[in-house]
Amino acid sequence: PPIVAPARLEPPGQRVVRRKGINALPDNEAVKNHSPQEIIDAASASWRSIAYGHYEVSLEQRFDHDGNFIKLVFVFHCKHKEPKHDPVMRDRLRTGDGTRNLLSTARACDNRRGVPSGVDPTGRVSIIGSDLEFSEALHVALLAIECARDHRPFSSVTSDLRQAEVQLLRPGTQLPTAATISNYVRRIYIGASVDVAEYLQNIPGALHLAVDGWTCPTSESYLGVIVFWLEGREMWRAILEFIRQSYGISHGRLQYGIEHKLRAICLDNASNNNTLVRQLGNLVPTFRGSPDRIRCVAHVLNLMAKAFMALLDASSTRARITASDGVSSAEAAALAAASSDGDDPSNDPQDSTSDVDPDKLQHDTGVVQGVAAQAVELMREWGTAISTSELASSRQIAGLARRDELFRELVRKDPELQAIASHLHFKGPVQWLTGKDGLKLKKYALTEHQWKLAHQLSEVLELLALRARLFDIRDDVFKQDLSPVIRTGAEAALLVFDKYIGNMGESDFYTIAVVMCPDRKLKWFADWNYAVEPIRTQVIARFTELFPEASIHSYLETPVVPPDVIRQCGGVIPYWNNQLDSRPRLARMALDYLTAPASSVDAERAFSSGRLMINHLQHQMSSRTFQSQMAIGSWFGTPLLPNLSSVASIVKSYM
């Protein structure tokens, strides 16, 4: 084995944070050069939570037994002098710990005093905040956030029912017009963007992005950008921006000034995302391109599932199989005829993909058609051919699942598996219903052969994620007399796996994230017969690149931490949070890598709300208004825009 230099222990030190002025100074320099009030004022300028409004803050110095200075501690005293409300203490530099203790004790104090609380029972910031008295600014803020968060049209604020409700609750209150609320939505977005930028620029850890494309009903194309970050022990995510594709992703980067914080970007596997990664690498010096790209695992699994089911879907395979060079013209014609069978339930007109992003749909359809045709040809060469009767019969099985929206979000909800399993469970009643005259369900009746195929399909879908099992299915290793359709579908899924999973090796996020799990480290790779030394070299090189003054050797050489210890801490993220004081650089790298998103599902969910915000009947909404609504609706209730009081302060500045 190569000779390794003795491990260099990382010296304990205070966390390195990107702050300015007094906040950037270590405790010993801050207390030497500035007064306690100056230190408090500098720190409180970035405190956003309403919990701080419950307290008066003082600063204490802590010394060891020999009288040596150790650190500065903020002490939060209840401003209401409630005798049972003990002071809450927090180290000056532990700004990443969040405000959970402050919030929970403030609420308990409010309950004891019998006053309305600014904090909800979960400890999160309340929807109102500290402004409990009615004001015009607070009212406008409420209406604007209601439209943005709940996807309501601006005209809803002036409906006759809304006016009646307001007169019942507070007679004489004048409602603003729809145009006024629309204007304030844009103003709130502009005002909040400044605070959001400052907040994201100054969080201690890294930022991660998930990006996906979307075409809205007005035919405008957007890039949806979701930002992920860690505050204290809690992960947060929010829409950073909906960017018109004509602007490009650099628009969001320049507007928020967060390029120095960017660590990873999660994208699906569409080929146009390769271009986006290259462009981002040119724009952001610290972004390494492919090594910092995370491929959406959910998208890969979804494509594998679609490829497996492709032969059961006439629309997925008709074009490619008909045109395949490996299929004779007579057989192609027969397959095409089977695909266009009018009685095939899989051709149900009620099934639609109109709400799917057309660019992504085109990519996925192309991949599925390609691997399906390739799988048919390969299996034919290996002696497993699909007859036209087998294909037509199997597609009627697919019709069962399409009754329950086949192919919709298989990875998330397994609708095919649920539909087919239900069909098998209620086989007797189903046979009675499909055989009864007058119900017009006979075209959905299954033969015994089709019931057998449905049973096989049900078992296969449960095991689809197990790649080794797919090989067994393709080769019928256990001699189960599997249908050629099932075996060919397994080969199609394997082709997708080989196409995309190999590309994940371009990124070091996957291996480093495993190594930074203290209960796994390099031992996990050794247990699974990976070559450990290249991974060790990769991890050391990356750590040295990020923290050239420190070493990770001691962490790699020490035994793994027992899983019970991780569980007692509440998980791997809280474990590393607890290590920030003693091993700040190692803990920071671990948190930055372990908080990266594994899928771009959150970006897709943002598009779902986008369809609610701007539908086919709303063609007059401007692009800027749409972007503003999507952003502030997502920010509200997070540290970016905590409550209505924070929104009202922005509204008031424009009045």
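With my numbering as the guide, the letters of the sequence shown map in order to residues 568 to 1222.
No residue lacks a Cβ here, since even glycine has one placed at the ideal position from N, Cα and C.
- In the three-state reduction of the DSSP assignment, V1128 falls in the coil class.
- Between D1075 and A773, the C-beta gap is not smaller than 8 Å, which leaves the two residues out of contact.
- Residue environment for R1054: buried (at least 16 other C-beta atoms within 10 angstroms of its C-beta).
- According to the DSSP secondary-structure assignment, L797 is paired through a beta bridge with M802.
- Judged by DSSP secondary structure, W781 falls within the beta strand (DSSP E) whose first and last residues are L774 to T782.
- Residue range F636 to C645 is occupied by the beta strand (DSSP E) that includes H644.
- In the three-state DSSP reduction, S788 falls in the strand class (E or B).
- Remark: C-beta atoms of A759 and W1202 approach each other more closely than 8 Å.
- Distance from the CA atom of T1014 to the CA atom of P1051, rounded to whole angstroms, is 17 Å.
- Restricted to the stretch 1063 to 1111, the alpha helix (DSSP H) segments that are unbroken, complete and at least 4 residues in length are 1076 to 1082 and 1090 to 1094, listed in chain order.
- Under the three-state reduction of DSSP output, L879 falls in the helix class.
- The C-alpha of L945 lies about 59 Å from the C-alpha of I694.
- Secondary structure at D1043: coil, using DSSP grouped into helix, strand and coil.
- DSSP, reduced to helix, strand and coil, places A1117 outside both helices and strands of the structure shown, so it counts as coil.
- Rounded to whole angstroms, the gap between the alpha carbons of L709 and K828 is 32 Å.
- Looking at the DSSP output, M656 bridges to V642.
- Excluding the 5 residues flanking it on each side, I1040 has same chain C-beta neighbours closer than 7 Å at V1027, L1049, I1053, R1054 and A1057, in chain order.
- S625 and N1144 have their C-alpha atoms some 25 Å from each other.
- By the CB criterion at 8 Å, H866 and P1164 fall outside the cutoff.
- The shortest CA-to-CA distance from C714 to any of R1155, P743, I748 and E700 is the one to I748.
- The C-beta distance from V938 to A805 rounds to 36 Å, too long to meet the 8 Å contact threshold.
- Annotated three-state conformation of V624 is strand, per DSSP.
- By alpha-carbon distance to A959, the top candidate from A1117, K1010, T842 and D1004 is K1010.
- Across the structure, M1071 and D594 are spaced so that their CA atoms are roughly 43 Å apart.
- Under the three-pair Cβ rule at 8 Å, the stretch 607 to 624 counts as touching the stretch 665 to 678.
- When C-alpha distances from L1062 are compared across Q941, Q628 and Q730, the shortest belongs to Q941.
- Nearest C-alpha to L767 among V864, A988, I1133 and S613: S613.
- N841 and G1204 have their C-alpha atoms spaced approximately 34 Å apart.
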